[in-house]
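In terms of the numbering used here, the sequence shown opens at residue 5 and continues consecutively. Ideal Cβ placement from N, Cα and C applies to all residues, glycine included. Okay, so here's the structure we're looking at.
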Amino acid sequence: MNDRFLRALRRETVDCTPVWFMRQAGRYMPEYRAIRAKYTLLEICKQPEVTAEVTLQPMRLGVDACILFADILLPLDPMGCPFSFEKGEGPVLHKPIRQVSDVDDLRLIDPRESLGYVLEGIRLSKKELAGKLPLIGFAGAPFTLASYLLEGGKSTHFLKTKRFMIEHPEAWNRLMTKLSTVVTDLLLAQIDAGADAVQLFDSWVGQLSPYDYTTYVLPHVQGIFAKLKERNVPTIHFGTGTATLLEHMAKADSSALGLDWRMPFAQGWDLIGHDRACQGNLDPCMLFAPQDKLFAATDRILAEANGRAGHVFNVGHGILPETDPGVVKALVDHVHEASKR
Ligand code: CP3
C-alpha cells in the first residue's frame, strides 16, 4: 500500500509529502457529474456500489488517500431530522430544532443499523482499493451538526445556534452530548468497517469566540477523540476560521489538526505543537491562479512545514466545483516532486 498518508499522520518518515483534498470527489470531476446526472447526492450515498465508484474516482489524480463519499448530515435523518439538498441553497432541514423539547425528541441511533449503507460503502471501497491507498472515514463535529439542526440550513451569523447555546445551556449540553454519542459510534463503526483514518469536520466552529468554544464545545470534542483512541487509527480534527481556537482544539487528542489558509502554516503548526501532525493549508482559490503562482504558494507551505515529519498537504477547505481537474493533478505531482526527501 502507498502508506505515506498514514505514516505522516503517525509522524513517521516519508519519501515525500502526502496529499489529498477535501471534497476531492465531486462536481469538478466530469466522471462525478456523469454519475450525478443519473442519481441525486443521497442516492449516490445510499447505494454502496455507486458510493465506492465515486470514492475511487480521484485516484487518477495521484492523491495519497481516498475519502469515503458521504455527507456529514446523513445521521440527522435517522435521528428524526430529515433534510434535502435544494439547488442553489445547499442543505435544507425539514424539522429544525425550535425549542428545548425538540432536543429531547432527537433519537439516539445505532449507526450499524440506520447507517448500514455508509459502512457497506466503506467495505466495498476498501475491497476495490485492494490495498492500494488508505481510505478516510469522516463525520461532522457536534457543533457543526448542531448549527444545521438549529439554523435549518446554511447561515451567515449563526444567530439561532448561538442564542440557543447561550439561552439554554443545559439543553445545548444535552444536544451536544447526543450528537457526540452518535458521531463517536459512527466513527468507531467506520473504523471497524475498514476506514484507515478518520476526520472530524467542524467546518463552522470558527464562528465562536475562544471562551464559547472552550465552554460549550471543547469538552464534547475531547470526549469523542478520547473514545477514538481506543482504536489504533489516526484521527484528524479540522475546522475553518480557527486561528484563535487552534491552541484549544489541540487539547482534544487527535493525531493531526487541519488548518485553513487564513493563518501561515508554520504559525498554525507552532500553535498546536510539533508533537502533532498538521494538515493543510492551500487556499482552494489558488487552484485558479496561473501555474507559477499556484506552485509558489504550494512551495511556501512546504517550506513552512520544513520537511518535518507529520505534514499532510491539503486545501484549507473543500475544492471548489469550478476547479480544473488537470490543475489538481498537476498540483499533486508538484507536491510530490517538490517535497522529495
Ligand atoms: O470528497 C469528499 O470530500 C467526500 C465527500 C463529502 C461530501 N460532503 C459530499 C458532498 C464530504 C467530506 C462532505 C462533508 C460536508 N458536508 C461538510 C464538511 C466539509 C465542508 O465542506 O465544510 C459539510 C459542511 C457538509 C454539508 C453539505 N453537503 C453542504 C453545505 C452541501 C452543499 C454545498 C454545495 O456545494 O452545494 C452539501 C452537498 C454535498 N456533499 C456535495 C458533495 C459532493 C455537493 C452536492 C452535489 O453533488 O450535488
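Range covered by the beta strand (DSSP E) that runs through residue i
{"i": "Asn318", "result": "315-319"}
{"i": "Pro95", "result": "94-97"}
{"i": "Asp206", "result": "201-206"}
{"i": "Pro241", "result": "Note on residue identity: the sequence assigns His, not Pro, to residue 241. His241 -> beta strand (DSSP E) spans 239-243."}
{"i": "Leu286", "result": "281-286"}
{"i": "Glu90", "result": "87-90"}
{"i": "Leu261", "result": "260-262"}
Distance cut-off 7 angstroms: residue i Cβ against heavy atoms of the ligand CP3
{"i": "Ala42", "result": "A small correction: the amino acid at residue 42 is Lys; Ala does not occupy that position in the sequence shown. The answer is no for Lys42."}
{"i": "Gly320", "result": "no"}
{"i": "Pro52", "result": "no"}
{"i": "Thr219", "result": "no"}
{"i": "Phe292", "result": "no"}
{"i": "Gln28", "result": "yes"}
{"i": "Ala150", "result": "no"}
{"i": "Ala307", "result": "no"}
{"i": "Phe9", "result": "no"}
{"i": "Arg167", "result": "no"}
{"i": "Gly120", "result": "no"}
{"i": "Leu123", "result": "no"}
{"i": "Lys158", "result": "yes"}
{"i": "Leu261", "result": "no"}
{"i": "Leu45", "result": "yes"}
Element boundaries [alpha helix (DSSP H), containing residue i]
{"i": "Ala150", "result": "146-155"}
{"i": "Leu137", "result": "Per DSSP, Leu137 belongs to no alpha helix (DSSP H) and is neither H nor E."}
{"i": "Ser105", "result": "104-109"}
{"i": "Pro52", "result": "52-60"}
{"i": "Gly398", "result": "As shown, the chain starts at 5 and ends at 345. That puts residue 398 outside it, with no answer to give."}
{"i": "Trp273", "result": "269-276"}
{"i": "Arg27", "result": "Note, Arg27: premise wrong, no alpha helix (DSSP H); not H, not E."}
{"i": "Ala252", "result": "First, the amino acid is wrong: residue 252 is His here, not Ala. Unbroken alpha helix (DSSP H) run through His252: 250-253."}
{"i": "Ala309", "result": "295-309"}
{"i": "Met169", "result": "163-171"}
Any non-hydrogen atom of the ligand MG closer than 7 angstroms to residue i Cβ
{"i": "Phe147", "result": "Of the ligands one can find in the structure shown, namely the ligand CP3, none is the ligand MG."}
Three CB pairs or more closer than 8 angstroms across the region 133-151 and the region 75-86:
yes
Counting pairs of Cβ atoms below 8 angstroms between the region 21-38 and the region 96-106, do you hit three or more?
no
Quick check: the region 244-261 against the region 200-210, are at least 3 beta-carbon pairs closer than 8 angstroms?
yes
With three or more beta-carbon pairs closer than 8 angstroms as the criterion, would you say the region 237-244 touches the region 299-314?
Verdict: no, contact absent.
With a threshold of 8 angstroms, are at least 3 pairs of Cβ atoms found where one atom belongs to the region 177-189 and the other to the region 131-142?
no
Three-pair Cβ contact test at 8 angstroms for the region 147-162 versus the region 116-126
no
When the Cβ atoms of the region 316-326 are set against those of the region 11-22, are three or more pairs found closer than 8 angstroms?
With the cut-off at 8 angstroms, the region 316-326 and the region 11-22 touch.
Uninterrupted alpha helix (DSSP H) stretches inside the region 174-235 (no shorter than 4 residues)
For the region 174-235, whole alpha helix (DSSP H) runs of length 4 or above, ordered along the chain, are 214-220, 222-232.
At a cut of 8 angstroms, does the region 112-121 reach the region 48-61 through at least three beta carbon pairs?
yes
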